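Participant: Got a structure for you, questions after.
Number of protein chains: 2
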Amino acid sequence: MKTFRFEKTYQDTKTSARTGVIHTPHGPIQTPAFVPVGTQATVKSLTSQDLQELDTHLFFVNTYHMYLRPGLDVIVKAQGLHAFMGWDRPIITDSGGFQVFSLGRKKFVSRKNAIDSQDPQNKDDQHESPSLVQISDDGVTFRSHWDGSKHVFTPELSMQYQWTLGSDIHIAFDDCTPYPVTEKLARTSMERTHRWAVRSIDEHEKLAEKSRQSQEKYQALYGSIQGSVYEHLRKESVQFITSCPFDGFAIGGVAVGESKAEMKKILQWVTPYLPQDKPRHLLGVGEIDDVFELIEHGMDTFDCVQPTRLARMGRLFTMTRQKYAQTYENASYEIDITRPEYKEDMNAIDATCPCYTCTHASRAYIHHLFKVRELLAYRLATIHNISFMNRLVNEIRLAIQRNSFVALKKKWLGVA
Amino acid sequence: MKTFRFEKTYQDTKTSARTGVIHTPHGPIQTPAFVPVGTQATVKSLTSQDLQELDTHLFFVNTYHMYLRPGLDVIVKAQGLHAFMGWDRPIITDSGGFQVFSLGRKKFVSRKNAIDSQDPQNKDDQHESPSLVQISDDGVTFRSHWDGSKHVFTPELSMQYQWTLGSDIHIAFDDCTPYPVTEKLARTSMERTHRWAVRSIDEHEKLAEKSRQSQEKYQALYGSIQGSVYEHLRKESVQFITSCPFDGFAIGGVAVGESKAEMKKILQWVTPYLPQDKPRHLLGVGEIDDVFELIEHGMDTFDCVQPTRLARMGRLFTMTRQKYAQTYENASYEIDITRPEYKEDMNAIDATCPCYTCTHASRAYIHHLFKVRELLAYRLATIHNISFMNRLVNEIRLAIQRNSFVALKKKWLGVA
Numbered sequence: 001m002k003t004f005r006f007e008k009t010y011q012d013t014k015t016s017a018r019t020g021v022i023h024t025p026h027g028p029i030q031t032p033a034f035v036p037v038g039t040q041a042t043v044k045s046l047t048s049q050d051l052q053e054l055d056t057h058l059f060f061v062n063t064y065h066m067y068l069r070p071g072l073d074v075i076v077k078a079q080g081l082h083a084f085m086g087w088d089r090p091i092i093t094d095s096g097g098f099q100v101f102s103l104g105r106k107k108f109v110s111r112k113n114a115i116d117s118q119d120p121q122n123k124d125d126q127h128e129s130p131s132l133v134q135i136s137d138d139g140v141t142f143r144s145h146w147d148g149s150k151h152v153f154t155p156e157l158s159m160q161y162q163w164t165l166g167s168d169i170h171i172a173f174d175d176c177t178p179y180p181v182t183e184k185l186a187r188t189s190m191e192r193t194h195r196w197a198v199r200s201i202d203e204h205e206k207l208a209e210k211s212r213q214s215q216e217k218y219q220a221l222y223g224s225i226q227g228s229v230y231e232h233l234r235k236e237s238v239q240f241i242t243s244c245p246f247d248g249f250a251i252g253g254v255a256v257g258e259s260k261a262e263m264k265k266i267l268q269w270v271t272p273y274l275p276q277d278k279p280r281h282l283l284g285v286g287e288i289d290d291v292f293e294l295i296e297h298g299m300d301t302f303d304c305v306q307p308t309r310l311a312r313m314g315r316l317f318t319m320t321r322q323k324y325a326q327t328y329e330n331a332s333y334e335i336d337i338t339r340p341e342y343k344e345d346m347n348a349i350d351a352t353c354p355c356y357t358c359t360h361a362s363r364a365y366i367h368h369l370f371k372v373r374e375l376l377a378y379r380l381a382t383i384h385n386i387s388f389m390n391r392l393v394n395e396i397r398l399a400i401q402r403n404s405f406v407a408l409k410k411k412w413l414g415v416a
Numbered sequence: 001m002k003t004f005r006f007e008k009t010y011q012d013t014k015t016s017a018r019t020g021v022i023h024t025p026h027g028p029i030q031t032p033a034f035v036p037v038g039t040q041a042t043v044k045s046l047t048s049q050d051l052q053e054l055d056t057h058l059f060f061v062n063t064y065h066m067y068l069r070p071g072l073d074v075i076v077k078a079q080g081l082h083a084f085m086g087w088d089r090p091i092i093t094d095s096g097g098f099q100v101f102s103l104g105r106k107k108f109v110s111r112k113n114a115i116d117s118q119d120p121q122n123k124d125d126q127h128e129s130p131s132l133v134q135i136s137d138d139g140v141t142f143r144s145h146w147d148g149s150k151h152v153f154t155p156e157l158s159m160q161y162q163w164t165l166g167s168d169i170h171i172a173f174d175d176c177t178p179y180p181v182t183e184k185l186a187r188t189s190m191e192r193t194h195r196w197a198v199r200s201i202d203e204h205e206k207l208a209e210k211s212r213q214s215q216e217k218y219q220a221l222y223g224s225i226q227g228s229v230y231e232h233l234r235k236e237s238v239q240f241i242t243s244c245p246f247d248g249f250a251i252g253g254v255a256v257g258e259s260k261a262e263m264k265k266i267l268q269w270v271t272p273y274l275p276q277d278k279p280r281h282l283l284g285v286g287e288i289d290d291v292f293e294l295i296e297h298g299m300d301t302f303d304c305v306q307p308t309r310l311a312r313m314g315r316l317f318t319m320t321r322q323k324y325a326q327t328y329e330n331a332s333y334e335i336d337i338t339r340p341e342y343k344e345d346m347n348a349i350d351a352t353c354p355c356y357t358c359t360h361a362s363r364a365y366i367h368h369l370f371k372v373r374e375l376l377a378y379r380l381a382t383i384h385n386i387s388f389m390n391r392l393v394n395e396i397r398l399a400i401q402r403n404s405f406v407a408l409k410k411k412w413l414g415v416a
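Protein sequence lines correspond, in order, to chains F and G.
The opening residue of the first sequence carries number 1 in the working numbering; numbering runs sequentially from there.
The opening residue of the second sequence carries number 1 in the working numbering; numbering runs sequentially from there.
Written out as structure tokens, the structure is:
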């Protein structure tokens, strides 16, 4: 039985912003929603209970990482990723493609300087044949970032892996176009993504059929839209991908190095073609101005490591603009807790924040923990930044329901 | 008003083991009690709330570390260490002496090979004048392990620092005798400890008088007993220190390198001289066999970094003996979660343990977190090992009340 369903609850009249509920076998997700990333089956330093207490509804896990460590055999023994992590709310997994391409490419670049610079073979088309990632129409061969062992991902295998993980939302295996890229290569990559989308659906339907027979829970599949920064490619991609019977859609190939202006254009090109009755996810984006932008363009969920990564660097978000900030940039809404002015500051990070950190620890205490590099620093900071993101998105959700999204955006960013 | 008081509740008839309650301005401590160490104002990876949920009653903090970072000015601004850490139960601080001596000596040894080996001045008496620690009868001059800056601790300053911290139990400033040490040096060191004990009391009483006038809470002072591994020195020290008006007594100079047999002898020499109506603390000891030994000799509280340090290495305690263990050693009651046999083990670390870790995470999940070096690994492991220590001590406390301490010790260690 298809227990996956999107229900739109409010539509902003001035923009494409909307609120809704994604119903999944592991419960509902109120949208828009910020989705914290637990790359290795944990949002760094937090337990599943912490995330529940922070009112997080959806947890993002990387298939690539689960496949390599602990390995899918362990997840099978645990009877799925939910049980393995002790998390009984919805999970979204990616296809593994992004890591396969980007971690492989990173290694290639670092080795290139040392070894491959005299190798004319790799000069013209780095994307097509970097030494640690081999892409063919069948799939991708890559080496583990842990031990260099060789592995293969194909659309079929990616689907099988995600069914094994048992996540509520899967993403079709795509060819992650690098940035910057020529139009020619962007097209080659996009066309491969489209062929892989069809193969992903075929495999997904086989697995869904098996699961129907064994009365297992339905797992949804999102198609991934590529096309880099080229308008006609993005439009071609969204039209093709939305013509396929996906349960929802993800915009990929963003946050790969393009500018914020380019990302905004991609949203403008793509989102008008997305069907209203299906959920949309933006992959890997989540700075404060991005959040307003993506929600304004009708995206429902978005994952991003930035809030938790910044937390571990001591950069903590605040609901009010900091007085030393001169501009309306994201930095206006954060403090760097490692700065000397917080050494004796006995206030909470944000007096209005209900999180454990703000109700139990002063800026001075957190400053101290960072200065002496105590593990607790990262935990307290992470709790707060996720609390902030959830509060920000809640505030936006309420504004949409009151038809005041544009005013709220202006209040936060200074521009409508 | 003297709100500090020890109440003995049960006395084992076969040994010196006893149960009791130490009443402090921040509430009672049921004894015997394991005291986790929060060197830098946090038990590594845990919040104060975690410790409360684990039923920890007393928290050990190092004066030396607080003095250097965050610095006592910050603690003053926070209105004391309790408020700074968000911990409203009792705190015990040490005198700073142990760190001043041992961190300084450590640096000296490592520099000695490089610089001082041709220096005849330092050949004969390392204890008396290592290059980074200068000891005189007045006190100790040392260099910060953070930045090499120069600082001084004296008995008077140590008392002032501990009053500033606002801990419930202070320890007199002592000369921490190194190990191994000649009898001559052990005596020199002990006699200095005795002179410093008197000065600690004088200063403490001045500070207590001030505090009475301002209606502040009374803070207790424990005397520290030294004498190394020499019977007559230990006896001389306990007789001198217990003749002084201390609120309780700490045995120092153990866990500095001596054998378990030597530590046992020290307990045998010293404890008969300790008054029954005052609490006793053992500094820096806490392996499972030690716990039985020290409680058997009538100690009430003991602090140790070992359970939390082992946790961060993946060595997790179990209430039942592990089958691969051949002996009655401490290792019988622990598993090394990083070993491959736990990769697919879906059981809790200890099925009988009520801690968050054991009720939410499998051995396989914790194994995975350690293997990929996730911060959550250290937290889950630390929670469990503290839970174990508290359960062990609870079990011992109940056994004393039922007059079955010796039987319980035999059950755990195989020897009475």
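A virtual CB, placed ideally from N, CA and C, is assigned to each residue, including glycine.
Since this is a predicted model, take the numbers as computed values, not measurements.
(1) Skipping 5 residues on each side, what residues in its chain have a beta carbon closer than 7 angstroms to that of residue 356(F)?
(2) Between the C-alpha atoms of residue 113(F) and residue 226(F), what's the straight-line distance to the nearest angstrom?
(3) Touch check for the region 341–358 of chain F and the region 8–27 of chain G: three-plus C-beta pairs under 8 angstroms?
(4) Which class does residue 247(F) belong to by DSSP, given the choice of helix, strand or coil?
(5) When DSSP labels each residue in this structure, what does residue 69(F) get in the three-state scheme?
(6) Any beta carbon of chain F sitting closer than 8 angstroms to that of residue 103(G)?
(7) Which residue or residues does DSSP assign as beta-bridge partners of residue 8(G)?
(8) State the start and end residues of the unbroken alpha helix (DSSP H) segment that holds residue 50(F).
(9) What three-state label does DSSP hand residue 130(G) in the structure shown?
(10) If you reduce the DSSP assignment to three classes, tell me which class residue 151(F) lands in.
(11) Touching or not, the region 168–180 of chain G and the region 244–263 of chain G, by the rule of three or more beta carbon pairs under 8 angstroms?
(12) Say whether chain F places a C-beta atom closer than 8 angstroms to the C-beta of residue 404(G).
(13) Along the chain, where does the alpha helix (DSSP H) containing residue 401(F) start, and where does it finish?
(14) Just checking my contact of residue 187(F) with residue 137(F) at CB under 8 angstroms: how many whole Å lie between their CB atoms?
(15) Along the region 83–98 of chain F, what residues have a CB closer than 9 angstroms to any CB found in chain C?
(16) When burial is assigned at 16 or more other CB atoms within 10 Å of the CB, is residue 232(G) buried or exposed?
(17) List, in order along the chain, the chain G residues whose C-beta lies closer than 8 angstroms to that of residue 74(F)?
(18) Mind listing the chain F neighbours of residue 275(G)? Cutoff is C-beta to C-beta under 9 angstroms, in chain order.
(19) Would you check if the region 359–369 of chain F and the region 82–97 of chain G touch, i.e. whether three or more CB-CB distances between them fall below 8 angstroms?
(20) Quick one: what does DSSP say residue 287(G) is sitting in, helix, strand or coil?
(21) Between the beta-carbon of residue 277(F) and the beta-carbon of residue 6(F), is there less than 8 angstroms?
(22) To the nearest angstrom, report how far apart residue 403(F) and residue 281(F) are at their CA atoms.
(23) Report the three-state DSSP secondary structure of residue 97(G) (helix, strand or coil).
(24) Residues of chain F with a CB under 8 angstroms from the CB of residue 49(G): which are they?
(25) Could one say the Cβ of residue 376(F) lies closer than 8 angstroms to chain G's Cβ atoms, at least one of them?
(26) If you draw a straight line from the C-alpha of residue 30(G) to the C-alpha of residue 80(G), how long is it?
(27) From residue 72(F) to residue 241(F), what does the alpha carbon distance come to, in whole angstroms?
(28) Ignore the nearest five residues each way along the sequence and tell me which others in residue 321(G)'s own chain have a CB closer than 7 angstroms to its CB.
(29) Can you confirm whether residue 42(F), when its beta carbon is compared against all beta carbons of chain G, has any partner nearer than 8 angstroms?
(30) Please return the same chain residues whose Cβ sits closer than 6 angstroms to the Cβ of residue 11(F), not counting the five positions on each side in sequence.
(31) Using only alpha-carbon positions, find the residue among 342(G), 354(G) and 395(G) that is nearest to residue 370(G).
(32) Could you check whether the Cβ of residue 69(F) sits closer than 8 angstroms to any Cβ belonging to chain G?
(33) Any idea what DSSP makes of residue 107(G), helix, strand or coil?
(34) Counting pairs of beta carbons, one from the region 378–395 of chain F and one from the region 38–46 of chain F, are three or more of them closer than 8 angstroms?
(35) Does DSSP put residue 365(F) in a helix, in a strand, or in coil?
(36) How would you write the range of the alpha helix (DSSP H) that residue 270(G) sits in, first residue to last?
Facilitator: Based on what the coordinates show:
(1) For the purposes of this step, residue 356(F) is identified with residue 356 of the first sequence, where counting begins at 1. 383, listed in sequence order.
(2) Translated into positions along the first sequence, residue 113(F) becomes position 113. Translated into positions along the first sequence, residue 226(F) becomes position 226. A caution first: residue 113(F) carries a pLDDT of 39, below 50, which makes its placement in the model too unreliable to give a value.
(3) In this structure the region 341–358 of chain F does not touch the region 8–27 of chain G; the number of beta carbon pairs closer than 8 angstroms is below three.
(4) Your numbering for residue 247(F) matches position 247 in the first sequence. Three-state DSSP puts residue 247(F) in coil, outside helix and strand.
(5) Looking up residue 69(F) in the first sequence gives position 69. Look at residue 69(F) here: in three-state DSSP terms it is helix.
(6) Position 103 of the second sequence, counting from 1, holds the residue named residue 103(G). Under the Cβ criterion of 8 angstroms, residue 103(G) is not counted among the residues facing chain F.
(7) The residue given as residue 8(G) occupies position 8 in the second sequence. DSSP lists 20(G) as partners of residue 8(G).
(8) As a first step, residue 50(F) must be located in the first sequence, where it is residue number 50. Counting along the chain, the alpha helix (DSSP H) containing residue 50(F) begins and ends at 48–53.
(9) Locating residue 130(G) in the second sequence gives position 130, where the first residue counts as 1. Reliability fails at residue 130(G), whose pLDDT of 46 lies under 50, so the model's placement of it is uncertain and no value is given.
(10) Counting from one through the first sequence, the residue named residue 151(F) turns up at place 151. In the structure shown, residue 151(F) sits in a strand (DSSP, three-state: E or B).
(11) The region 168–180 of chain G vs the region 244–263 of chain G: in contact.
(12) Residue numbering aside, residue 404(G) sits at position 404 when the second sequence is read from its first letter. It does not: the Cβ of residue 404(G) has no partner Cβ on chain F nearer than 8 angstroms.
(13) Position 401 of the first sequence, counted from the start, is the residue given in the question as residue 401(F). Element bounds for residue 401(F): 375–401.
(14) Counting from one through the first sequence, the residue named residue 187(F) turns up at place 187. Counting from one through the first sequence, the residue named residue 137(F) turns up at place 137. About 15 angstroms separates the two Cβ atoms, so there is no contact after all.
(15) Protein chains in the displayed structure are F and G, and chain C is not among them.
(16) Residue 232(G) sits at position 232 when you count from the first residue of the second sequence. Exposed: under 16 other Cβ atoms inside 10 Å.
(17) Locating residue 74(F) in the first sequence gives position 74, where the first residue counts as 1. Here the neighbours are 343, 344, 364 and 368.
(18) Sequence index remark: in the second sequence, residue 275(G) carries index 275 (1-based). From the beta-carbon of residue 275(G), no residue of chain F is found nearer than 9 angstroms; the closest lies around 38 angstroms away.
(19) Flag = yes, the region 82–97 of chain G and the region 359–369 of chain F touch.
(20) Here residue 287(G) is taken as the residue at index 287 of the second sequence, counted from 1. In this structure, DSSP gives residue 287(G) a state outside helix and strand, which the three-state scheme calls coil.
(21) Here residue 277(F) refers to the residue found at position 277 of the first sequence. Here residue 6(F) refers to the residue found at position 6 of the first sequence. Yes, these two residues count as a Cβ contact at 8 angstroms.
(22) By one-based count along the first sequence, residue 403(F) stands at place 403. By one-based count along the first sequence, residue 281(F) stands at place 281. When rounded, the distance between both Cα atoms is 22 angstroms.
(23) Here residue 97(G) refers to the residue found at position 97 of the second sequence. If DSSP states are grouped into helix, strand and coil, residue 97(G) belongs with the helices.
(24) Start at 1 with the first residue of the second sequence, and residue 49(G) comes out as number 49. Result: 356 and 360.
(25) As a working note, residue 376(F) is residue 376 in the first sequence. Look at residue 376(F): its C-beta is under 8 angstroms from a C-beta on chain G.
(26) Position 30 of the second sequence holds residue 30(G). Position 80 of the second sequence holds residue 80(G). When rounded, the distance between both Cα atoms is 24 angstroms.
(27) The count along the first sequence starts at 1 and reaches residue 72(F) at position 72. The count along the first sequence starts at 1 and reaches residue 241(F) at position 241. Taking the straight line from one Cα to the other gives about 29 angstroms.
(28) Start at 1 with the first residue of the second sequence, and residue 321(G) comes out as number 321. The residues are 332 and 333.
(29) What you label residue 42(F) is simply residue 42 of the first sequence in a count that begins at 1. Under the Cβ criterion of 8 angstroms, residue 42(F) is counted among the residues facing chain G.
(30) For the purposes of this step, residue 11(F) is taken as residue 11 along the first sequence, with counting starting at 1. Around residue 11(F), the same chain offers 18 as residues with beta carbons nearer than 6 angstroms, after the five sequence neighbours per side are excluded.
(31) For the purposes of this step, residue 370(G) is taken as the residue at position 370 of the second sequence. Residue 342(G) holds the alpha-carbon nearest to the alpha-carbon of residue 370(G) among 342(G), 354(G) and 395(G).
(32) In the first sequence, the residue the question calls residue 69(F) occupies position 69. Yes, residue 69(F) counts as interfacial toward chain G.
(33) Numbered from 1 along the second sequence, position 107 holds the residue referred to as residue 107(G). A caution first: residue 107(G) carries a pLDDT of 46, below 50, which makes its placement in the model unreliable, though a value can still be read off. In the structure shown, residue 107(G) falls within a helical segment according to DSSP collapsed to helix, strand and coil.
(34) Contact holds: three or more Cβ-Cβ distances are below 8 angstroms.
(35) If you number the first sequence from 1, residue 365(F) lands on position 365. Of the three classes helix, strand and coil, the one that applies to residue 365(F) here is helix, per DSSP.
(36) Translated into the one-based positions of the second sequence, residue 270(G) becomes position 270. Unbroken alpha helix (DSSP H) run through residue 270(G): 260–270.
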